[in-house]
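Protein chains in written order, with numbering that gives the first Met the number 0: chain A, 0 to 340; chain B, 0 to 340; chain C, 0 to 340; chain D, 0 to 340. As structure tokens, the structure follows; a few thoughts come after it.
There are 4 protein chains.
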Amino acid sequence: MVYRRLGNSGLHVSALGLGGWLTFGGQVGNDITLACLKQAYDCGINFFDTAENYTGGQSEVAMGLAIKKLGWNRNDIVISTKINWGGANGEVLVNNHGLSRKHIIEGLRASLKRLDLAYVDIVYAHRPDRLTPMEEVVRAFNHVIEIKGWAMYWGTSEWSADEIAEACGIAKQLGLIAPVVEQPFYNLLHRKKVEGEFQRLYSRFGLGLTTYSPLKFGLLSGKYNDSPDAPPPGSRFAKGDDKFISYMRDNYGKKGWQEDIEKVRKIKVIADKVGIPQSELALAWCLKNPNVSSVITGASRPEQIVENVKALKSLDKLTPEIMAEIDDVVGAVELDPARQD
Amino acid sequence: MVYRRLGNSGLHVSALGLGGWLTFGGQVGNDITLACLKQAYDCGINFFDTAENYTGGQSEVAMGLAIKKLGWNRNDIVISTKINWGGANGEVLVNNHGLSRKHIIEGLRASLKRLDLAYVDIVYAHRPDRLTPMEEVVRAFNHVIEIKGWAMYWGTSEWSADEIAEACGIAKQLGLIAPVVEQPFYNLLHRKKVEGEFQRLYSRFGLGLTTYSPLKFGLLSGKYNDSPDAPPPGSRFAKGDDKFISYMRDNYGKKGWQEDIEKVRKIKVIADKVGIPQSELALAWCLKNPNVSSVITGASRPEQIVENVKALKSLDKLTPEIMAEIDDVVGAVELDPARQD
Amino acid sequence: MVYRRLGNSGLHVSALGLGGWLTFGGQVGNDITLACLKQAYDCGINFFDTAENYTGGQSEVAMGLAIKKLGWNRNDIVISTKINWGGANGEVLVNNHGLSRKHIIEGLRASLKRLDLAYVDIVYAHRPDRLTPMEEVVRAFNHVIEIKGWAMYWGTSEWSADEIAEACGIAKQLGLIAPVVEQPFYNLLHRKKVEGEFQRLYSRFGLGLTTYSPLKFGLLSGKYNDSPDAPPPGSRFAKGDDKFISYMRDNYGKKGWQEDIEKVRKIKVIADKVGIPQSELALAWCLKNPNVSSVITGASRPEQIVENVKALKSLDKLTPEIMAEIDDVVGAVELDPARQD
Amino acid sequence: MVYRRLGNSGLHVSALGLGGWLTFGGQVGNDITLACLKQAYDCGINFFDTAENYTGGQSEVAMGLAIKKLGWNRNDIVISTKINWGGANGEVLVNNHGLSRKHIIEGLRASLKRLDLAYVDIVYAHRPDRLTPMEEVVRAFNHVIEIKGWAMYWGTSEWSADEIAEACGIAKQLGLIAPVVEQPFYNLLHRKKVEGEFQRLYSRFGLGLTTYSPLKFGLLSGKYNDSPDAPPPGSRFAKGDDKFISYMRDNYGKKGWQEDIEKVRKIKVIADKVGIPQSELALAWCLKNPNVSSVITGASRPEQIVENVKALKSLDKLTPEIMAEIDDVVGAVELDPARQD
């Protein structure tokens, strides 16, 4: 395994992480959750990601249970959760979501109880909350880190570049701890935000990235290439009632989807040339970005983890020439000029 | 015993300290550890030094055990440990070393558990960690002092002058507690860093020093003078598999070693003239430096401590004339001029 | 010409600068000064360096006169001077040197009068002043920049790493402008301070470098190679009564000098292999260091400037292999490890 | 001449200064003022002290006139004035005295006009103003230094220890410039405040001292020893209508006066033993105090200055034994213990 610094912090995370979204506490049972975590750890993965709202809090419960059973040394693993986006238990009340001081403190306390842990290593603001003043958000995350000791670092997820810059500026002004990491959606089909909008955040604020959905929910594995109109039976989008899955199912086969599939087919040609599976190429491509600290992957079977880890061996196969071919397919992101004369 | 202020802090430490490196929890058993600590205390030594990685954490265990058995008043002693340099138990994992917020907090928590103490008096950053931002380091040491109450003061060990200045500057900027002490290697054969590179830190930042290896692992006692090629049987460098001891054994008799022995022989002539043993002179010489708060000594027998304490009576014998003779042998450190006209 | 940012500032300086030390206002007359400045400008050099004490202030007078006659657009050039090291007019009085608030303000006012300029772009603290508190120094440079408008940026010259770190820390603490550049002695024979002692300052404080004496006063041109005992008649060290030149003359042919000449002879072999003059290699080598914003050169004839500028074309000839050969001759500087495990 | 740093600042002042109180612009004419200043300068004195209220502003006028006529290099001299204690022209209005922002700015502007200078080096708050908030005082002195450029440093005169500590604390809190010097009354007969009350200010705040009245208006010269009841005709206290002189005349021969004369007579015995005049001993005694940057002397004839400067040669004659004898006469000041156990 390769370990990378989480942005400009002193924390080191495995370049591949394991996330509990949709799977642990949801689509798979506790036995499989434990098997997956064990497999990940044996592969050198030290970074495990969840959130207060994944499957209504059950993701935290299932992962906490597995961690306890596995008897890991707490110092040796990096656990993250996220606060904001919908309350646990699926029940949305007036103040159990968002980034008010009240919910950040109450939310993280409840997360730790479900995880049965004294602290997480990283707590993310899961989506921005534009109704809460940024100063309140920054102060509340500092409170849970500095006074409560419930987290070591804080980050953001799916924030805009200017919101991250604002949070960092307020932290500096007040002598408080700034967010060190953003968790964005990032893969071959969605690179504009990470490479374009965020381009200056890495050096200016020392921002790290833990990215999610490297395969865009399986699309980049190529498994939907031959089912243009409806999800193949048994696939993730054919079943399940998660809000997100419903959204994907509803868009299946529509215009954006077709354009994606078109690109995925062209990527397949490149993957064949390189001699690695399409999904391995997609994962390795994310890892080539030096601003990415960790690519969070999901798994509903331990073998998937073993497969994913192979991507680390393929980084050298993505030569500048191959990277340029990929750019031709998915579109390169043009950087802003340093000066405009 | 003489007590000195720890730099510009309010803490007073005995001018001689007792350290657990290599010995306690390692080369000597628990009975001898206890006997040494008792002897030290009876001689007026109040400062006891260890580290998370000394003999894989066993130094802390052994010293904690002895302290408990001796039933000392906690208020009456000064205990220090160090975080960073390699994990306890000899096992180096991804995040159980370095100076990340995670390791400073987790490491000190584990140290206190091994020591079976509620807090140490001084926690050192054992070597710098150039992969962790200085702000994260300063904040984390403040967290364990201010919020956790796990330490009274913090210091550094084997840092460079610019790193200490940077840490002090950040502490001032953020209104946080700055390091008050550095623990360097300092003896007759190695004075350049302490007297040269560090020369401005004492008055500008109120830095104190707790120095280690006053005899350069026995070299300055003269006991290797007549064994030019290989360590005499039974000596420290002849046995043991500690990483550090191996390194010394490998260099035994080589160029730098021979140069050292040459100087040690000349020092012997001066010691004879003064009428004290060579090792007593070497210890007393360290204590003559007013920037040294405490000289940390090691001991594998209680009698050694009694011998060491004699050095305090010899300070007056090191007259300016004798100090100048010593300078002629080991080389004086030239100070930077105040102004250059 | 290549332009580089002055450290982490927004100012751009030509990678080669022209300095007035010893020459302008001293060894050469006003006509040659003007011809040199014109030649430099025509080569694309935009950075001109002087100091209050160069030839007792006459360097500033001569350069100011030339700049006025040449009728350059002030916005197009970067002028620097230095305050501290001995008073102008050769007359050293109680308060007309050092870095007291009084002398920084009075000294720069006098420099501007001699230069006949409203402001310089960079004002350097020419050597540290260890009798003046760093806070007074930082505040005074901010005063001449912020309130008086007499300079755009400030820097240091021949300071130690801890002093630069201290100044930056105090500037941050007080919300003031930190020094952006250091001007050190740097060449093939003297690289330890710039590459070793300063190694952390570049990324941590955004420090830039404008280096002086790339040829060590001509030594690296090889012109003293065949005169081992005394300077050849007509050479710089044979004539002149400047304090510095006298010092060099006194050391001519002594131990350190002989060691230098030995290295210079070996460098000649490498330069021949690369196919460029020795002095061009020496200049290009300085420019290879990415932390160097500008290499300040001297000239007593316009043709020398044309020669110097050729070094910029030779950067690619200094391949990693050639750089390694040079390291073998002059000794590479070992960097401090990021972590010590 | 000997030069000393003004407290912890970078400014250097001659150990003897020349003040204009009562004399320049008052008791002596412009010719003598000029002759005295010239004599002082020729003796190496670089520090000249006045105040807005000395002889109703005429002291500043006379000294400014002399400085202009003498054509000194402004950089080479240190000029101080004082604001607060009664307005110039003898006319006391509502807002032309005290330390309000209004009077500090208006008062210093008027002083500079009388002195015909662009700035003074030191501006003192002449006595505290307990009706003005300390923050207003600190801010106003910073305004005239930083924004107006009317002074290089600021100090206090006849403030209490706690008031100086308060001003320094407010300056630190607000990131402003703290006072660097206090001007107290200090001589053999009045040492309690400087050595007792102020004892911690020197190291904690870097406070310097410019002391006045080293001879207590002539008393310590012994010239009143033989006139127990009334001032001898022609002496300073026999004539003049200055408020202060009247006060001294009224107390002539009373109880405190008699006690003083008693001590002065005993001091004479010691001076005779040492072999120097009594007044020389009194001056030298002030200079022995390392916290004194400069002893301000007055003069109504140039020869007095030559006499005073001789005191600098007598410092070594005041051996520890002689200093102890002096203590026996005037009473030593006991220092507060470091700790009280």
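Even glycine gets a Cβ: it sits at the ideal position worked out from N, Cα and C.
Just mark residue 111 of chain B as buried or exposed, buried being the case when its beta carbon has 16 or more other beta carbons within 10 Å.
-> The residue is buried, with at least 16 neighbouring Cβ atoms inside 10 Å.
In three-state terms, what does DSSP make of residue 76 of chain B?
-> Residue state, collapsed to three classes: coil.
With a CB to CB cut of under 7 Å and the five nearest residues on each side skipped, what residues in its chain are close to residue 170 of chain C?
-> Once the five neighbours on either side are set aside, the close Cβ partners of residue 170 of chain C are 137, 176 and 177.
Listed by chain order, chain E residues near residue 165 of chain B by CB distance under 7 Å | Included in the structure are the protein chains A, B, C and D, with no chain E among them.
Could you tell me the distance, in whole angstroms, from the CA atom of residue 318 of chain C to the CA atom of residue 318 of chain B?
-> Take the alpha-carbon of residue 318 of chain C and the one of residue 318 of chain B: they are about 57 Å apart.
Start-end ranges of the beta strand (DSSP E) lying completely within the segment 114-190 of chain A, minimum 3 residues | Segments of the beta strand (DSSP E) lying fully in the segment 114-190 of chain A: 119-125, 150-156 and 180-182.
Would you say residue 171 of chain B reaches chain C, if we count a Cβ-Cβ gap shorter than 7 Å as a contact?
-> By this cut-off, residue 171 of chain B is an interface position.
What does DSSP give as the partner residues of residue 81 of chain C in its beta bridges?
-> C:123.
Which first and last residues belong to the alpha helix (DSSP H) in which residue 255 of chain D is found?
-> Under the DSSP assignment, residue 255 of chain D falls in the alpha helix (DSSP H) whose first and last residues are 254-273.
Taking the DSSP output, what are the residues bridged to residue 47 of chain B?
-> Beta bridge pairing from DSSP links residue 47 of chain B with B:17 and B:78.
Chain B residues whose Cβ lies nearer than 9 Å to that of residue 92 of chain C = Residues of chain B whose Cβ lies closer than 9 Å to the Cβ of residue 92 of chain C do not exist, since the nearest Cβ in that chain is about 11 Å away.
Taking just the CA atoms, how far does residue 179 of chain D sit from residue 205 of chain D?
-> Cα to Cα, the separation comes out at about 7 Å.
Check distances from the C-beta atoms of the segment 97-130 of chain A to those of chain B and list, in chain order, the residues that come in under 7 Å.
-> Those residues of the segment 97-130 of chain A that come within reach of chain B (Cβ to Cβ, closer than 7 Å) are 120.
Of all Cβ atoms in chain C, is any one closer than 7 Å to the Cβ of residue 250 of chain D?
-> Not an interface residue.
Look at the Cβ atom of residue 295 of chain D, then the Cβ atom of residue 209 of chain D, and state whether they are nearer than 7 Å.
-> Between residue 295 of chain D and residue 209 of chain D, the C-beta spacing is below 7 Å.
Taking only the alpha-carbon atoms, compute the straight-line gap between residue 118 of chain A and residue 32 of chain A and give it to the nearest angstrom.
-> Cα to Cα, the separation comes out at about 21 Å.
Near residue 220 of chain A, what residues of its chain come up, given a Cβ to Cβ distance below 7 Å and the 5 sequence neighbours on each side ignored?
-> Take residue 220 of chain A, set aside five residues on each side of it, and the residues of its chain with a beta-carbon closer than 7 Å to its own are 214, 277 and 278, in chain order.
Once you ignore the five residues that flank residue 248 of chain A on each side, which residues in its own chain have a CB closer than 8 Å to its CB?
-> Cβ neighbours of residue 248 of chain A beyond the five flanking positions: 230, 236 and 237.
Quick one, which of B:316, B:29 and B:260 has its alpha-carbon nearest residue 280 of chain B's?
-> Of the candidates B:316, B:29 and B:260, the one whose C-alpha sits nearest the C-alpha of residue 280 of chain B is B:316.
Taking Cβ positions only, does residue 59 of chain C come closer than 7 Å to chain D?
-> Not an interface residue.
Run through DSSP, which three-state label would residue 23 of chain B get?
-> Shown here, residue 23 of chain B sits in a strand according to DSSP, grouped into three states.
Residue from A:24, A:75, A:228 and A:13 with nearest C-alpha to residue 256 of chain A | Comparing Cα positions, the closest option is A:228.
Taking C-beta pairs closer than 8 Å, name the residues in chain C that residue 30 of chain D reaches, listed in chain order.
-> What residue 30 of chain D touches in chain C: nothing, since even the nearest Cβ is about 27 Å away.
If you check the beta carbons only, do residue 149 of chain B and residue 107 of chain B fall under 7 Å apart?
-> Yes, Cβ-Cβ distance for residue 149 of chain B and residue 107 of chain B is below 7 Å.
Candidates D:115, D:76 and D:82: which alpha carbon is nearest residue 92 of chain C's?
-> Among D:115, D:76 and D:82, the Cα nearest to that of residue 92 of chain C belongs to D:76.
For residue 342 of chain A, I'd like the list of residues in its chain whose CB is within less than 8 Å of its CB, leaving aside the five on either flank, ordered along the chain.
-> Residue 342 of chain A is absent from the model: chain A starts at 0 and stops at 340.
Go through its chain and collect everything with a Cβ distance to residue 307 of chain B's Cβ below 7 Å, but skip five positions before and after it.
-> Excluding positions up to five away in sequence, the list reads 15, 282 and 296.
Does the beta-carbon distance from residue 81 of chain B to residue 142 of chain B come in below 7 Å?
-> No; because the gap between Cβ atoms is not below 7 Å, this pair is not in contact.
Cβ of residue 157 of chain B less than 7 Å from any chain A Cβ?
-> Cβ-Cβ to chain A under 7 Å: no for residue 157 of chain B.
Closer than 7 Å, Cβ to any Cβ of chain C: which residues of the segment 4-21 of chain D, in chain order?
-> Per Cβ criterion, the list reads 4, 7, 8, 9, 10 and 11.
Give a yes or no on whether 7 Å exceeds the smallest Cβ distance from residue 161 of chain B to chain C.
-> Closer than 7 Å to the CB of residue 161 of chain B there is at least one CB belonging to chain C.
Simplified DSSP state of residue 251 of chain C, which is helix, strand or coil | Secondary structure at residue 251 of chain C: coil, using DSSP grouped into helix, strand and coil.
So is residue 245 of chain B buried or exposed if we call it buried at 16+ other beta carbons inside 10 Å?
-> Residue 245 of chain B should be labelled exposed.
DSSP three-state assignment for residue 206 of chain C, whether helix, strand or coil = DSSP places residue 206 of chain C in coil when its eight states are reduced to three.
Mapping DSSP to helix, strand and coil, what is residue 211 of chain D?
-> DSSP places residue 211 of chain D within a strand segment (E or B) once states are collapsed to three.
Would you mind sorting residue 38 of chain A into buried or exposed? The rule is 16 or more other CB atoms within 10 Å of its CB.
-> Of the other Cβ atoms in all chains shown, 16 or more fall within 10 Å of the Cβ of residue 38 of chain A; this residue is therefore buried.
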